[in-house]
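Asks: Pasting a structure here, questions to come.
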Amino acid sequence: MKIVAIIPARMASTRFPGKPLVDILGIPMIEHVRRRTALCSLFNEVVVATCDRDIFEVVNRNGGIAVMTANTHERCTDRVAEAALSLDVDVIVNVQGDEPLVRPEMFELLLKPLLDEAEVVCTNLTAEIGSEEEFDSSNIVKTVFDCKNDVIYFSREPIPSLRKSGGLPFKKYKQLGIVAFRKDFLLRFTHLPPTPLEMVESVDMLRAIEHGYKIRMILSPFRVFGVDTPDDLVHVTELMKNDDIFNSYIKR
1 MKIVAIIPAR MASTRFPGKP LVDILGIPMI EHVRRRTALC SLFNEVVVAT CDRDIFEVVN
61 RNGGIAVMTA NTHERCTDRV AEAALSLDVD VIVNVQGDEP LVRPEMFELL LKPLLDEAEV
121 VCTNLTAEIG SEEEFDSSNI VKTVFDCKND VIYFSREPIP SLRKSGGLPF KKYKQLGIVA
181 FRKDFLLRFT HLPPTPLEMV ESVDMLRAIE HGYKIRMILS PFRVFGVDTP DDLVHVTELM
241 KNDDIFNSYI KR
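Using the working numbering, read the sequence shown as starting at 1 and increasing by one per residue.
As structure tokens, this is what we get:
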């Protein structure tokens, strides 16, 4: 089975313009994501998909592979699908370019159901929410899933409601920006019309849910933090200083 990771990135982020090229300990964020993704031996190739020449040039200058895509995509999954069109590949992994603490072990967990179960067409990493601040933040996409770990819903609002929990401890989960697709499903997905909940929540994968497809959520034991705001960048930079795999790619 041929597997390719595609990292979508653009400079025009609403909440943090220019964030793919912000510096984290001497390396642009997009390069942290690319280099860490490339540490996973399951990938035949790692590609950055961008509509911005600056990102394209940084990746190429650092020895990576980048492709230019249209600047009209409103959803990162559609950018990934454009980049995947010409690839002879079985599985595509969408690794969002604002996940600089991603670990290679996470991809092994993500891909296992696709390798083992023919009926699974899409998997998405999830992790426990670690604080009330995360649970309340609209920058964090919360998720609930069924007994088979298939998604019921994604929301930027706190879900599930704990109003009647009686104070009992209840695990809460967030979506991570790492999604694997069988290629045929990815191309089918990108031709589906955008859906009301997808647009209201600004969560790509709700398009699949609203059209009746299943997404298998895979629990990651690793705590990672995406960069949505300048404050997130400060936090991630501090975490990177003590990151156990940072030194494995710092000189690349």
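For glycine and all other residues, C-beta sits at the position ideal for the given N, C-alpha and C. This structure is a prediction, so every number in the text was calculated from the model and none was measured.
Can you check DSSP and say which residues form a bridge with K172?
Replies: Looking at the DSSP assignment, K172 forms no beta bridge with any residue, so it has no partner.
Asks: At which residues does the beta strand (DSSP E) containing N124 begin and terminate?
Replies: Counting along the chain, the beta strand (DSSP E) containing N124 begins and ends at 122–128.
Asks: Spell out a yes or no on whether the segment 19–38 and the segment 123–135 are touching, meaning 3 or more CB-CB pairs, one atom from each, closer than 8 Å.
Replies: Counting Cβ pairs under 8 Å, fewer than three are found: no touch.
Asks: Pick helix, strand or coil for P196, following the three-state DSSP scheme.
Replies: Helix, per DSSP.
Asks: Name the two residues that bound the continuous alpha helix (DSSP H) containing N60.
Replies: Residues 53–61.
Asks: Roughly how many angstroms lie between the CA atoms of V46 and R163, to the nearest whole one?
Replies: Cα-Cα distance, rounded: 44 Å.
Asks: Of all the beta strand (DSSP E) runs that stay within the bounds of the segment 51–118, which reach a length of 3 or more residues?
Replies: Listed in chain order, the complete beta strand (DSSP E) runs (minimum 3 residues) inside the segment 51–118 are 65–68, 91–95.
Asks: Going by C-alpha distance, which of E57, N62, D90, V59 is nearest V4?
Replies: The candidate whose alpha carbon is nearest that of V4 is D90.
Asks: For N60, count the other beta carbons within 10 Å of its own beta carbon; 16 or more makes it buried, fewer makes it exposed. Which is it?
Replies: N60 should be labelled exposed.
Asks: Note down, in chain order, each residue of its chain lying with its Cβ closer than 8 Å to the Cβ of I24, except the 5 sequence neighbours on either side.
Replies: Excluding residues within five positions, the ones whose Cβ falls inside 8 Å are H32, P100, L233, V236, T237, M240.
Asks: On a Cα-Cα basis, can you pick out the residue from P230, V48, P160, T14 that is closest to A81?
Replies: When each option's Cα is compared against that of A81, the closest is V48.
Asks: Sorted by chain position, which residues of the same chain lie with C-beta nearer than 6 Å to V93's C-beta, five sequence neighbours on each side aside?
Replies: A5, A180, listed in sequence order.
Asks: Are the segment 133–142 and the segment 56–75 in contact at 8 Å, needing three or more beta carbon pairs?
Replies: Short answer: they don't touch.
Asks: Kindly indicate the opening and closing residues of the beta strand (DSSP E) around V260.
Replies: Any answer about residue 260 is impossible in this case: the structure gives the chain only from 1 up to 252.
Asks: Taking the beta strand (DSSP E) that V22 falls in, what are its first and last residues?
Replies: No beta strand (DSSP E) holds V22; DSSP gives it neither H nor E.
Asks: Please determine if the segment 107–115 and the segment 217–224 are in contact, where contact requires at least 3 C-beta pairs separated by less than 8 Å.
Replies: The segment 107–115, when compared against the segment 217–224, does touch it at the 8 Å Cβ threshold.
Asks: With V227 and L176 assumed to form a contact (beta carbons below 8 Å), what rounded beta-carbon distance in angstroms separates them?
Replies: Not really, about 13 Å apart at Cβ, beyond 8 Å.
Asks: Residues bridged to M217 by DSSP?
Replies: Looking at the DSSP assignment, M217 forms a beta bridge with N124.
Asks: How many whole angstroms separate the CB atoms of T195 and R15, which I take to be in contact at a CB cut-off of 8 Å?
Replies: No, T195 and R15 are not in contact; Cβ-Cβ is about 23 Å, not under 8 Å.
Asks: Please name the residue, chosen from P28, G26, P8, that lies closest to A70 on a Cα-to-Cα basis.
Replies: When each option's Cα is compared against that of A70, the closest is P8.
Asks: Per DSSP, A9 is paired with what?
Replies: Beta-bridge pairing links A9 to T50.
Asks: With F56 and T50 assumed to form a contact (beta carbons below 8 Å), what rounded beta-carbon distance in angstroms separates them?
Replies: Indeed, because the Cβ distance is near 6 Å, the residues count as touching under 8 Å.
Asks: Residues bridged to F154 by DSSP?
Replies: Per DSSP, T143.
Asks: Just to confirm the assignment, what range does the alpha helix (DSSP H) spanning L162 have?
Replies: It is not in any alpha helix (DSSP H) - L162 carries neither H nor E in the DSSP assignment.
Asks: Buried or exposed for K171, please, with buried defined as at least 16 other CB atoms from any protein chain shown within 10 angstroms of its CB.
Replies: K171 should be labelled exposed.
Asks: Could you tell me which residues DSSP pairs with P17 in its beta bridges?
Replies: DSSP, once it has assigned bridges, lists no residue as partnering P17.
Asks: Need the endpoints of the alpha helix (DSSP H) that K148 sits in, please.
Replies: Careful: K148 lies outside any alpha helix (DSSP H) and carries neither H nor E.
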